[in-house]
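Residue numbers (our numbering): 130 to 437. All C-beta atoms in this analysis are idealised placements derived from N, C-alpha and C, irrespective of residue type, glycine included. Quantities reported herein were computed from a predicted structural model and do not represent experimental measurements. Comments concern the structure below.
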């Protein structure tokens, strides 16, 4: 078996059981390594290219300096797309083979293949988007109001770069490109492969923890791990890669818009705390509803299949 076939091919559980733990670990982690190597190499190349092309022109240099955070964000977005492209063949095989069987909390049978999008599906995704808004906003308000964010110097530096970007550029980066790249790595590849290698529960917890740790500071690590658990769990319920992409993108956009330039500062601490508690309560209710409705529908499908 060639190295590239071993890394990029989608191996099923039966074949993976024959592999050693070391080989399965390589199958899980090497695509991530490929992504980050290509990402970092592309980012270095783009930075050098910008410096070479614009460095000699004083006016252009002044313009770039005044929009440094936005330029860095754009270069980071292009690097993320390059990294995603490098592992896209592996992602495509994962999604093609598991299009209707991405796995879930109880490894239910996949849905029947459907044509088009029905009203129930639109409603289900609308509730998922609402869950993303409420959970992300509620958690961020909690972190802000309890002072946890101010305790992390590294997060403060990340925050300064994020909000130093032009608002529109930030929405595209954090609402589209960042979710696409991160979901490709952590749900599309790591979670799906780990589930086949080591089972659902371990895949859910470990992939979510690594997603949080990837952000590089303890504030985002806690926040990312919580969101990662919910994103991964709902991925199993919805059985579509569109679910984590939607959840991640909506969560990022809602938080970015809500906290950009201290948008909540004028409400007062008490009102913001009440808003945060309402958001978290709403998230809990929506999560309960989604879980009950979708899991009940999957159980009905499974029963119907047994009686065919």
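*Give the single residue among 328, 358, 284 and 208 whose Cα lies nearest to the Cα of residue 143.*
Position 14 of the chain shown, counted from the start, is the residue given in the question as residue 143. Here the closest residue by C-alpha is 328.
*Simplified DSSP state of residue 141, which is helix, strand or coil*: Stepping through the chain shown from its first residue, residue 141 is reached at position 12. Residue state, collapsed to three classes: coil.
*Would you give the residue range spanned by the alpha helix (DSSP H) that residue 283 belongs to?*
Locating residue 283 in the chain shown gives position 154, where the first residue counts as 1. Per DSSP, residue 283 belongs to the alpha helix (DSSP H) from 282-293.
*Would you be able to state if there are at least three C-beta pairs under 8 Å between the region 213-222 and the region 329-348?*
no
*Using CA coordinates, which residue listed in 132, 150, 133 and 134 is at the minimum distance from residue 129?*
The first residue shown for the chain is 130 and the last is 437, placing residue 129 beyond what the model contains.
*What span of residues does the alpha helix (DSSP H) with residue 247 cover, start to end?*
Locating residue 247 in the chain shown gives position 118, where the first residue counts as 1. Per DSSP, residue 247 belongs to no alpha helix (DSSP H) and is neither H nor E.
*Take the Cβ of residue 140 as the centre, count every other Cβ of all protein chains shown within 10 Å, and call the residue buried at 16 or more, exposed below.*
As a working mapping, residue 140 is identified with position 11 in the chain shown. So residue 140 ends up on the buried side.
*By the 10 Å Cβ neighbour count, where 16 or more other Cβ atoms means buried, how is residue 419 classified, buried or exposed?*
Numbered from its first residue, the chain shown carries residue 419 at position 290. Under this definition residue 419 is a buried residue.
*What are the boundary residues of the alpha helix (DSSP H) that includes residue 276?*
Here residue 276 refers to the residue found at position 147 of the chain shown. Careful: residue 276 lies outside any alpha helix (DSSP H) and carries neither H nor E.
*C-alpha distance - residue 261 paired with residue 198, whole-angstrom precision*: Start at 1 with the first residue of the chain shown, and residue 261 comes out as number 132. Start at 1 with the first residue of the chain shown, and residue 198 comes out as number 69. In a straight line, the C-alpha of residue 261 is about 27 Å away from that of residue 198.
*Locate the alpha helix (DSSP H) running through residue 303, then write down its first and last residues.*
Locating residue 303 in the chain shown gives position 174, counting from the first residue. Run containing residue 303: none; DSSP gives neither H nor E here.
*Close beta carbons around residue 302, own chain, < 6 Å, minus the five adjacent residues each side*: Against the chain shown, residue 302 aligns to sequence position 173. So the qualifying residues of the chain are 202 and 206.
_Other residues of its chain near residue 312: CB distance less than 6 Å, five sequence neighbours each side excluded_ = Taking the first residue of the chain shown as 1, we reach residue 312 at position 183. 373, 374 and 377, listed in sequence order.
*Starting from the C-beta of residue 384, find all residues in its chain whose C-beta is less than 8 Å away, skip the five residues before and the five after it, and write them out in chain order.*
The residue you call residue 384 lines up with position 255 of the chain shown. Excluding residues within five positions, the ones whose Cβ falls inside 8 Å are 265, 266 and 269.
_Candidates 156, 135 and 212: closest to residue 173 by CA position_ = Along the chain shown, one-based indexing puts residue 173 at 44. The residue with the shortest Cα to Cα distance from residue 173 is 212.
*Starting from the Cα of residue 404, find the closest Cα among 145, 271 and 170 and give me that residue.*
Residue mapping note: residue 404 aligns to position 275 of the chain shown, counting from 1. Measuring C-alpha to C-alpha distances from residue 404 to each of 145, 271 and 170 identifies 271 as the nearest.
*Simplified DSSP state of residue 196, which is helix, strand or coil*: As a working note, residue 196 is residue 67 in the chain shown. Residue 196 sits in coil when the DSSP states are folded into three classes, being neither helix nor strand.
*Could you check what DSSP says for residue 341 in three-state terms: helix, strand or coil?*
As a working note, residue 341 is residue 212 in the chain shown. Of the three classes helix, strand and coil, the one that applies to residue 341 here is helix, per DSSP.
_Backbone CA spacing between residue 369 and residue 183 [nearest angstrom]_ = What you label residue 369 is simply residue 240 of the chain shown in a count that begins at 1. What you label residue 183 is simply residue 54 of the chain shown in a count that begins at 1. When rounded, the distance between both Cα atoms is 43 Å.
*With hydrogens ignored, establish whether the beta-carbon of residue 337 is closer than 8 Å to any heavy atom of the ligand MG.*
Looking for the ligand MG in the displayed structure turns up nothing, as the structure carries no ligands at all.
_Under DSSP, the alpha helix (DSSP H) around residue 172 begins and ends at which residues?_
Start at 1 with the first residue of the chain shown, and residue 172 comes out as number 43. 150-183 is the extent of the alpha helix (DSSP H) around residue 172.
*Taking only runs that begin and end inside the region 314-366, name each unbroken alpha helix (DSSP H) of 4 or more residues, in chain order.*
321-327 and 329-342
*Candidates 410, 380, 423 and 326, of which the one nearest residue 147 by Cα*: Here residue 147 refers to the residue found at position 18 when the chain shown is read from its first residue. Checking every option, the nearest Cα to that of residue 147 belongs to 326.
_C-beta atoms of residue 388 and residue 284 nearer than 9 Å_ = On the chain shown, residue 388 is found 259 positions in, with the first residue counted as 1. On the chain shown, residue 284 is found 155 positions in, with the first residue counted as 1. No, the pair does not count as a contact, with Cβ atoms beyond the cut-off.
*Taking all protein chains shown into account, do 16 or more other C-beta atoms lie within 10 angstroms of the C-beta of residue 319, making it buried, or fewer, making it exposed?*
On the chain shown, position 190 is the one that residue 319 refers to. Buried.
_On the criterion of 16 or more Cβ atoms from any shown chain inside 10 Å, does residue 349 qualify as buried, or is it exposed?_
Start at 1 with the first residue of the chain shown, and residue 349 comes out as number 220. The residue is buried, with at least 16 neighbouring Cβ atoms inside 10 Å.
*Limits of the alpha helix (DSSP H) - the one that residue 383 falls within*: Residue numbering aside, residue 383 sits at position 254 when the chain shown is read from its first letter. Segment 371-388, the alpha helix (DSSP H) holding residue 383.
_According to DSSP, simplified to helix, strand and coil, what is residue 368?_
As a working mapping, residue 368 is identified with position 239 in the chain shown. DSSP places residue 368 in coil when its eight states are reduced to three.
*Among the residues of its own chain, which have a CB less than 8 Å from the CB of residue 290, if the five just before and after it don't count?*
If you number the chain shown from 1, residue 290 lands on position 161. 198, 201 and 202.
*Among 363, 407 and 400, which has the Cα closest to the Cα of residue 416?*
Within the chain shown, numbered from 1, the residue matching residue 416 stands at position 287. Comparing Cα-Cα distances from residue 416 to each of 363, 407 and 400, the minimum goes to 363.
*Using the beta-carbon count (16 or more within 10 Å), is residue 316 buried or exposed?*
The count along the chain shown starts at 1 and reaches residue 316 at position 187. Buried is the call here.
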